[in-house]
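One structure is given below, encoded as structure tokens.
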Amino acid sequence: MSGPSDGRGGGAASPGVQLAFLVLPEEVDVYYQRLAERGVEILEPPTDQARGHRTVYFSDPEG
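In structure tokens:
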């Protein structure tokens, strides 16, 4: 998950709620592709993280 000091969102806490969804690492690319095909704004493409995690960050298409 991201927070105000991790470099995302301009350094200041952004309004709203952050949600995390747990999926298998190999599913991240599948969901990324589906989101991109539907025009969802991708904030950070799929990225390998420590301990086998894989993440993708995107904006809520409904605001």
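Counted from 1, the sequence shown has number 33 at position 32 by my numbering; the numbering is strictly sequential. C-beta atoms are modelled at their ideal positions from N, C-alpha and C, and glycine is treated no differently. This structure is a prediction, so every number in the text was calculated from the model and none was measured.
If we count the other Cβ atoms within 10 Å of its Cβ and call it buried at 16 or more, is residue i buried or exposed?
i	result
VAL18	exposed
VAL24	exposed
VAL31	exposed
Within its chain, find whatever has a CB closer than 6 angstroms to the CB of residue i; leave out the 5 residues flanking it on each side and keep chain order.
i	result
TYR33	PRO47 and VAL57
Tell me the rounded alpha-carbon separation between residue i and residue j.
i	j	result
PRO44	ARG52	Sequence check: residue 44 is Leu here, not Pro. Distance between the alpha carbons of LEU44 and ARG52: 22 angstroms.
ASP49	GLY40	23 angstroms
HIS54	GLU42	21 angstroms
PHE1	LEU20	Only positions 2 to 64 of the chain appear in this structure, which leaves residue 1 out of reach.
Under 8 angstroms Cβ to Cβ from residue i, same chain only, skipping five residues before and after it: list those, please.
i	result
GLU63	none
ALA37	ILE43
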